[in-house]
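Position 207 (the sequence shown) corresponds to 207 in UniProt numbering; numbering is contiguous. The structure appears below as structure tokens.
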Amino acid sequence: MGKRPSAGPQGPSAPRKRQRTAAAVDPPAGEHVTSSVQLRNLLVFDQDLRKARHGLQSFKKLLDDIISDQGNREDNLAILQQYLDATKPKDDSQDAVHLQDIMDMWSFAAQVNDDGVMSSVAVVLALLLRVASDSLKLVSHGLGVCQTILQERHLKCLSKNLASENRKAFIISPTLRLLRAAACLDGGAYAKSIVRASDYTFTSLSRNLELGHAGPGPEDPGKSSIRTNAVRFFLTCVKHLNSQGRKELLSQRHLFSRLTYSIKSDPPDVALEILDVLRCCVLMDSKIPREAKFRNFNTRTLLRILALYSLPGGDADKENPVSERAHEFLMCVCTTPAAGVLYPYKGLYPKELEDEQSDHAASRQAETRLDDKQTGQFDTDVPVYNFALAEFANKLRPWACTKQSQLLVAMFTAAPELIAKYLHDNRFFTFEPKDSMTWVGYAAFLFDIISIPLPPSFGNPSRYAEGPPPTSVLLDNILPPAVTHKVLVRCFSLKSDVTSLFATKILVAALEKLAVALRMHTFTQGRAKVKWMEAARRLEDTFCQRVPDMKEIVQCYRAIPADNSMHKTLASRLLLLYYRVIPRVALTANFDVSPLLSAVLEGLRKTELASDARQLSLIELESLVTIASYSPGMRWFSRTDSSSHGSSTSAFVALLQLLCGGQGDALVCHIKEALANVAVESQLVSRAAGLNPLLAALQLTTDQVNAEEMDVVWSFLDNCISRCVASPIKYIDAMETLMSDASLQEDNSSSLLNLALVEQLPYAANSGEKRALKPHARFLSLYFNACYLREGDDGLLRALHQQLNRHLSSGKAKMTDLGDESDTAALKAQDSADERDEGSSRAAGGQKAVSGEVNLQHALQVPPLEEADPTALTKCMSKSVEDVIEDGWATKLIRLLLSEHTHIRKEALTGILKVTARMKESSSYQDGPQIWLLLSELAESSRPLLESGPVPSALVAFAAHAMDVLQSPLHPLYAKVNRYLTRSPVWSPDKIPLAHDILHGEPSEDDRYYAEIAWLLTYLVECLRTSRDLDVFRAKKWFEKMLALASNPHLRAGLRNRLLAIVYRATCIHGGSTTLVTRFGVLAWLDGQRVGSDTAVEAGVCRRLMRRVWETCDQQRVAVWSHDGARKLVQSA
């Protein structure tokens, strides 16, 4: 009888090996554990590995229930505790073996290559250590297990698990989780030991870091890949090692390279963990040598992290996506010297080719700089110290990615030497104008490069080098090589607003930077000055060859549509910079700015112009007025037709109308100064009086007469000015004749305009109607009284006034007497308002720097006038009360009350009231009642003052400084501030809060007097911002009190410096220096402080402050007041 046929396949397709049965493949399910005795019986070592696996699965089920908090967790923990106590070895030595049965199973399974048991043991031990880390009672058992694992016998089992085949992730992953749990147990107690046993624990780690997720779709968080587990194990070791251990770990470069090898493919949480650990534990660890960091964070590593920019993933709350975190990481690496990649050299001098990279190479380079004519090698290559960053920079695409552009600009700011290197290596990218997003991105990137400020002294903040940096390198920083003359001309000639706008922005930024560079070339002294001046000439020559001619800029400006206010304002700024920085290029063109000036003035007369457009037009007007003052061909007094008014006026009178119409805003100071210079140069007015009497009279006349009558005054004034400018000799002769007839002494303070007004008034009276004489009489009365206030009771002025009275005696209109009380009172009020407005604009925009101002401000440690931060309006509403107070947002909100804009001041007041309401509702904040009272009193004190202008600086400064005092109960002024707040609900705007109590009252503690005085002086410095603040100090005699305080022989040098800072801040206010000299004799006081100084530095500060007071005061008035003694005192000092 033959064989029965087989049920399986026959022939070649039949399997050659016996098929495993289902019972052999399926792992045992395990059983429910109810007691520690049962658990011990299940885990007794048996060579039958199926029983062993059954016991391990039962143990795993118990541990899973504890971790997942299923069933009765306390009972399960008790079973585990009893089991571990029962199996704990009696021997406490290092050779003691915890969990003897499980370790025997592991060793036997490793000998017979049983993958199931090898995996199950790793799984159970990893879960056990995880449970032990969450329970204080089980930590000692967990440490015993870690000690057992690190024995050589079990380390070999670990190594065998880790070295399993690539496909056996079920063995490798649990083993890596076991090592990670052991490394982080009890704050990393065994992390160092695990790393020391790297021959076993790091077996195949380099390979395992490459075994990422290979399946379709994203990686399942519940089933991590081998790479994910390997990465987390490696990062755990890094976190729990000390600096020396991390340095040793970084020395294994193959592991660090594999860590970031496929970071782009990692899950978002893994990528974020890599970035966070490397940043916090490696880059920010100052004890790790720079060399170790530099070797690992090479260009290849940075490019791998750069690849994360294109990933959208991130944290679960979407607040920190991977791309943003990668950007922050690279910004830290590339801009922080402590990170190890950035070489700390901020100069523009290239690295010599033969120099080694050392800490002193930069200083040697600065001392032994070759002459610029001998540095031709920099035209072919620019050697730099940061060669690694230079290589990385060439891989970036700033024109295509905003983050890469920000990163590159940040790198250039931290290492300016990279700019010339990058631009030289990327000359292939041309700047030919195109209407494409790539061109726009590249143009924006070039603008950001040009906007990077030059480093102090071109690299060394303490002093200048013997020679200047190479011209080619410096020019590349100012105007990149891609921005050529041909390219810029094409940008302006194309009929595209985009190319023209970007070319204008680039040229404006380049000219501003060139001005700074040329000014820095003039700071050197001695024999090197000739070399620096020659370098400055070469730099300017080369720059002028690269920029378009003046006619190209003028054509561009004229071609801009009138409705494009932003572009026209920017183009006017460019025209102004041509005249200021490179006047030889500007003056080659025959440019008449008069029509442009008239067009802007005509646009400003339109009432329907929006507020933003009006502000831009005013800025444009300021630039054109300044250009006109530079241009020799400007026709200030030629009349042009006005389509809106139907009459012709000169540009000079049109600007006077603008200033008197209240449309000058913050720019009124600059336009007034330009007109004053023109009037003085044209001999219209005297240098002593300037335009102030005329402007004050015109402003009051505008308020007192109607528009039709004022047109008659403007026409009359324009006629007088034109005649005075056309024939000045005629009026000089008339003045001399009048003075000789009246036997008057020669007086240089008289104005030729006065004689023209007297001469032309009869013609105006005869040709016009009788009712037109009334505005003439009113204007002339105010004008001559303004001159009377400014120049005094001058005999010539009184004679001219009498002639005017005779001309008007026949009409119904009459002039007021010279020195009339009502007119002089109105004029004084007008002068005070003008000075207050000018002081506010100067405080907001900053005065022009006089000689040594920057150095003096730094020496006296005078804080700059802080710009208002409008973001405080939203931050104070979105943050909690505690964060608003403690993070300083409340202080920023308070400072918004100093804003020039009424709507911002009102919003700030509303924000303060909302904060106080929230504080009253919240009772959790400890210092809430006192701060609530402070803010409430500030709000009530500021409410009636908002419409008239910024809140007095003293109120704002007191509130800002008192906020810090109330948050610190140990502050010496804590009691005084609280007493002051309970004294009155409203603060007087004409007083300085709490100042009298500190200066004249008893100190809160005997030894805290000078601490209180220091706080007061710091607070008083911030109280001086505007002319109104100066009036408060003067009226309440605070300057006398401060100057007298310096007579205290026990006053420390720091407090004396703060007194000098108060004087300095007063000189920053218009008219402040004159007030200090004429009312308080500050020059003599400063000279006394100079003589009594203990050090030469203090004497030098006093000497420079004396010079500043003299340069910023009305020198002619002070000279008359002091009989020229003030000037002699300054010169002698």
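For each residue, glycine too, the CB sits at the ideal point set by N, CA and C.
Nearest-angstrom Cβ-Cβ length linking residue i and residue j, presumed shorter than 8 Å
i: PHE652; j: VAL678; result: 7 Å
i: ARG232; j: LEU209; result: The Cβ separation is near 11 Å, so there is no contact.
i: CYS556; j: SER472; result: Between SER472 and CYS556 the Cβ distance is about 28 Å, and since that is not below 8 Å, they are no contact.
Candidates the options: closest to residue i by CA position
i: SER193; options: GLN147, LYS160, ASN161; result: GLN147
i: ARG295; options: PHE202, VAL581, GLN252, SER93; result: GLN252
i: GLY661; options: ASN692, LEU700, SER638; result: LEU700
i: LEU474; options: PRO693, GLY215, ILE450; result: ILE450
i: TYR630; options: SER93, ARG778, LEU577; result: LEU577
i: SER286; options: LEU1059, PRO337, ARG1108, ASP476; result: PRO337
i: THR649; options: SER594, VAL977, VAL685, CYS401; result: SER594
i: LEU659; options: LEU1055, LEU618, VAL685; result: LEU618
i: HIS971; options: ALA872, TYR557, SER942, TYR1010; result: TYR1010
i: LEU698; options: GLN82, HIS776, VAL1101; result: HIS776
i: TRP1121; options: VAL1109, ALA1133, VAL1077; result: VAL1077
i: VAL508; options: TYR579, THR522, ALA482, GLU534; result: TYR579
i: GLU352; options: VAL384, LEU501, ARG427, LEU330; result: VAL384
i: MET735; options: VAL758, ASN719, ASP718, TRP714; result: VAL758
i: SER265; options: PHE591, MET411, VAL322; result: VAL322
i: GLY1072; options: GLY911, VAL1118, ASN1048, TRP889; result: VAL1118
i: MET437; options: LYS421, PRO470, VAL498, PRO344; result: VAL498
i: ALA482; options: ARG463, HIS32, LEU423; result: LEU423
i: PHE59; options: GLN81, VAL124, GLY949, PHE202; result: VAL124
i: LYS568; options: GLU622, ALA515, LEU211; result: GLU622
i: SER93; options: GLY144, ASP718, THR1067, SER120; result: GLY144
i: ARG258; options: VAL685, GLU324, GLY212, VAL977; result: GLY212
i: THR335; options: ASN76, ARG1065, LEU407; result: LEU407
Under 8 Å between C-beta atoms of residue i and residue j
i: PRO561; j: CYS491; result: no
i: THR413; j: ILE452; result: yes
i: PRO548; j: LEU511; result: no
i: LEU955; j: LEU938; result: yes
i: ALA214; j: LEU178; result: no
i: SER204; j: ALA163; result: yes
i: LYS156; j: TYR200; result: yes
i: ALA339; j: LEU272; result: no
i: residue 1134; j: PHE637; result: Residue 1134 is absent from the model: the chain starts at 1 and stops at 1133.
i: GLY347; j: PHE458; result: yes
i: ILE274; j: ILE288; result: no
i: TRP399; j: GLY467; result: no
i: LEU946; j: LYS914; result: no
i: LEU773; j: PHE784; result: no
i: LEU624; j: VAL600; result: yes
i: LEU994; j: SER942; result: no
i: ILE129; j: TYR190; result: Per the sequence shown, the amino acid found at residue 129 is Leu instead of Ile. No, Cβ-Cβ distance for LEU129 and TYR190 is not below 8 Å.
i: ALA132; j: GLY142; result: yes
i: ASN477; j: PRO416; result: yes
i: SER206; j: LEU255; result: yes
i: VAL97; j: MET105; result: no
i: SER159; j: ASN229; result: no
i: GLN930; j: LEU973; result: no
i: ILE79; j: LEU39; result: yes
i: LEU241; j: LEU250; result: no
Residue i: CB within 7 Å of a non-hydrogen atom of the ligand ZN
i: ALA169; result: What this structure holds is no ligand at all, so the ligand ZN is not there to describe.
**Prompt:** Counting pairs of beta carbons, one from the stretch 885–898 and one from the stretch 952–962, are three or more of them closer than 8 Å?
**Reply:** yes
**Asked** Mind pulling the alpha helix (DSSP H) runs of 4 or more residues that sit fully within the stretch 104–175?
**Response** 115–134, 139–149, 152–162
**Residue ranges of each alpha helix (DSSP H) within the stretch 649–735, 4 or longer** = 651–660, 668–681, 692–704, 707–726
**Request:** Count the CB pairs spanning the stretch 989–1008 and the stretch 1026–1040 that are closer than 8 Å, and state whether there are at least three.
**Result:** yes
**Message:** Tell me whether the stretch 1041–1061 and the stretch 1074–1094 touch, counting them as touching only if at least three CB pairs, one residue from each stretch, are closer than 8 Å.
**Reply:** yes
**Asked** Are three or more beta carbon pairs between the stretch 687–697 and the stretch 721–736 nearer than 8 Å?
**Response** no
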